[in-house]
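Let me begin by presenting the structure, written as structure tokens, before commenting on it.
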Amino acid sequence: MAPHPYYPLDLKLHGYTENAAGLASLFAGFSTGVSVILGTALFLSRRYRPSINARDGCLVLWFVLSGSLHCFFEGYFLVNHSRMPAAQDFFGQLWKEYAKSDSRYLAADPLVLTLETITVLIWGPLSFLTSWCIVSESPYRLPLQALVSTGHLYSDTLYYVTSFLDMRRGVLHSRPEALYFWVYFVVMNALWIIVPACKWIRTTTDMRGDMTNDCYQISSTKVSRGAPRRSPRLKGRPRRARRQDPARKTRE
5 MAPHPYYPLD LKLHGYTENA AGLASLFAGF STGVSVILGT ALFLSRRYRP
55 SINARDGCLV LWFVLSGSLH CFFEGYFLVN HSRMPAAQDF FGQLWKEYAK
105 SDSRYLAADP LVLTLETITV LIWGPLSFLT SWCIVSESPY RLPLQALVST
155 GHLYSDTLYY VTSFLDMRRG VLHSRPEALY FWVYFVVMNA LWIIVPACKW
205 IRTTTDMRGD MTNDCYQISS TKVSRGAPRR SPRLKGRPRR ARRQDPARKT
255 RE
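Numbering of the sequence shown is given in this note's numbering, commencing with residue 5 and proceeding in unit increments.
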């Protein structure tokens with residue numbers, strides 16, 4: 005079995021081969037792909053909805069980026085996880101580079117496979133659907149934003165917690181260098197906690213405001229419907245005098 009740079013160092017990775025591409029070329033290729041995806045999403049969203057504001061535009065880019073990573077990059081892992089140690093294609097080498105921060109991806113860890121399956125099959129497509137609902141100003145955009153943000157928070161929190169619990173037991177999945185632990189593992193994954201948390205707070209606030217306005221409108225409508233109606237009176241028409249009973253007048 006060939007030696008490898010992953011932790012724990014005694015991890016068995018059958019068929020492992022070192023990446024043919026260097027970090028610089030992998031980073032350049034990944035950055036180019038992300039730029040193309042975001043540029044295309046920005047162009048199409050403004051073409052379909054020219055008046056889109058900056059906030060909605062950023063949300064569209066976020067959900068398109070999330071959906072693309074979930075469905076394509078993580079989808080690649082889901083399909084090819086069994087042959088990942090020997091992979092030499094672009095996505096395979098990217099995963100082998102990232103796995104220096106979490107070797108569970110090369111070891112086909114059951115928890116990681118479960119989380120990635122849910123992410124690829126559910127959160128990826130829903131991210132694309134949410135971005136479309138934002139562009140089209142659909143009334144379903146707020147519930148979808150809250151749902152997908154909750155899914156991201158849950159998955160990423162579980163991913164972090166299980167790794168830190170292993171660290172407490174003395175099982176390390178990440179190399180100790182700052183690039184792998186702090187940049188790859190902590191910072192890159194923290195984006196899918198910080199951004200969804202902010203979106204969840206803002207979305208629930210907007211939903212609560214919409215519900216308050218709807219309740220106010222409903223109550224106002226009920227009050228206006230329940231008010232007594234007065235018959236219209238013609239202007240200039242004198243009010244008829246009250247008729248007096250003739251028998252009563254005779255008695256008087």
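In this text, a Cβ means the ideal position worked out from N, Cα and C, and glycines have one as well.
Q149 counts as buried, since no fewer than 16 other beta carbons sit within 10 angstroms of its beta carbon. Across the structure, E141 and A45 are spaced so that their CA atoms are roughly 16 Å apart. Between H177 and the set D14, L130 and A6, the nearest pair of CA atoms involves D14. Rounded to whole angstroms, the gap between the alpha carbons of A25 and M88 is 15 Å. Here the segment 121–131 makes no contact with the segment 174–192; the two share fewer than three CB pairs at distances below 8 Å.
Taking each of Y10, P147 and R179 in turn and checking the Cα distance to K203, the smallest one comes out for P147. Its chain contains N23, M88, P89, A91 and L110 as the residues whose beta carbon lies nearer than 8 Å to that of K100, once the 5 sequence neighbours on both sides are disregarded; these appear in chain order.
In its chain, beyond the 5 residues on either side, I56 and G61 have a beta carbon closer than 8 Å to the beta carbon of R50. Excluding residues up to 5 positions away in sequence, L146, Q149 and A150 lie with their Cβ nearer than 6 Å to the Cβ of T207 in the same chain. Where G155 is concerned, the enclosing alpha helix (DSSP H) starts and stops at R145 to R172.
Rounded to whole angstroms, the gap between the alpha carbons of A58 and V68 is 15 Å. In this structure A112 does not touch L157 by the C-beta definition: roughly 25 Å separates them, more than the 8 Å allowed. Closest by C-alpha distance to D160, out of T209, L82, V190 and D210, is V190. Look at A28 here: in three-state DSSP terms it is helix. Collapsing the DSSP output to three states places Q97 in a helix. Residue state for K203 is assigned as helix, using DSSP reduced to three classes. Here W186 is exposed. Its C-beta has fewer than 16 other C-beta atoms within 10 Å. Between I138 and L63, the C-beta spacing is below 8 Å.
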